[in-house]
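With the numbering used here applied, the sequence shown covers 27 to 250.
For glycine and all other residues, C-beta sits at the position ideal for the given N, C-alpha and C.
Input: a single structure, listed below in structure tokens.
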Amino acid sequence: MGRGRYPARLQVSLPPPDVAARYLLIWPGREVYASPESFPPISSPGLFGDDKPLEIDIGCATGELACALAEARPEANYLGVDIALKPLYRAVEVASGRDLPNVRFLQSDMLLAYGRIPVEALRAAYVHFPAPLLRNRQRKTRLVAPALLAQMSRALMPGGTLSFITDQPDLYAELLRLLPATPGLRLRDSAEHELALSDLLKSHYHRRWEAKGRQIIRVELEKR
Ligand SMILES: C[S@@+](CC[C@H](N)C(=O)[O-])C[C@H]1O[C@@H](n2cnc3c(N)ncnc32)[C@H](O)[C@@H]1O
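Okay, here's the thing in structure tokens:
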């Protein structure tokens, strides 16, 4: 089974209009690129109309993590972002089924959407199991890139965290290679990790690669 086939095989249906209106934002890439100011800020006031801390799951796929965290922590808001729309239909279905008031999903290329996050608007960001970049056409949307660290250094509040999980040693090495160029972020010791690597955080991909015996690598960066 190839790495990228899970969303392609996913059986989902379009959410009903009222459910989509509550949970789903779709930001066409060309419009975000041409007139970013016509989209709301990625912040709690901008997306939820309140001042709760905001956490963002970048490349959220079916939103397992965002929904689990939103349910476990009603005092915070959660935004799941994915460039692919289909898995977000599943995420919206789950959020709606649990009637979660504190989660939304955004279909966008995160590289275009970064600019809509105000300075220090995020308490935490999660980049778990980003794609390993096998195909040329995926290179432009690559998440493990200088923009990720530069943007998180700007968008996280002091003490805020970027959680990174991968089964790919190359992606881990790339993240560590990029880190010195972003002095605003420091690598936390594993004893300082905000969340244990518990079942709460184990997504479909996490369970899949763990079952295949792959080593799961966890990194947590902190905004200074
Ligand atoms: C392997 S899946 C991981 C899903 C989830 N984080 C997990 O742990 O199970 C990677 C996801 O990143 C999304 N993705 C890739 N590039 C992206 C980008 N530039 N912006 C937003 N999402 C992106 C893909 O569509 C895919 O759903």
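Contact between the segment 225-244 and the segment 184-192 is present, with at least three C-beta pairs closer than 8 Å.
Per the Cβ contact rule, the segment 141-153 is in contact with the segment 82-102 (3 or more Cβ pairs under 8 Å). Within the segment 63-95, the complete beta strand (DSSP E) segments of 3 residues or longer fall at 80-84, listed in chain order.
As the crow flies, the alpha-carbon of valine 38 is around 32 Å from that of glutamine 177. Taking 6 Å as the cut-off, one finds no heavy atom of ligand 1 near enough to the beta carbon of threonine 187. Cα atoms of proline 67 and alanine 147: separation of roughly 9 Å, rounded to the nearest angstrom. In the DSSP secondary-structure assignment, leucine 126 is not bridged to any residue. Between leucine 105 and leucine 138 a beta carbon distance of about 15 Å is seen, past the 8 Å cut, so the two are scored as non-contacting.
Contact between proline 62 and glycine 141 holds: their C-beta atoms lie close to 5 Å from each other, under 8 Å. It is roughly 30 Å from the alpha-carbon of lysine 78 to the alpha-carbon of arginine 56.
Collapsing the DSSP output to three states places glutamine 177 in a helix.
Leucine 50 and valine 118 do touch by the CB rule: their CB atoms are close to 5 Å apart, below 8 Å. At a cut-off of 6 Å, the beta-carbon of leucine 182 does not count as near ligand 1: no heavy atom of the ligand is closer than that. Assignment of histidine 154 by DSSP, reduced to helix, strand and coil, places it in the strand class. Using a cutoff of 6 Å, the CB of serine 64 does not count as near ligand 1, since none of the ligand's heavy atoms is closer than that.
A distance below 6 Å between beta-carbons, with the five flanking residues on each side excluded, links alanine 96 to the following residues of its chain, in chain order: Tyr104, Leu126, Asn128 and Val129.
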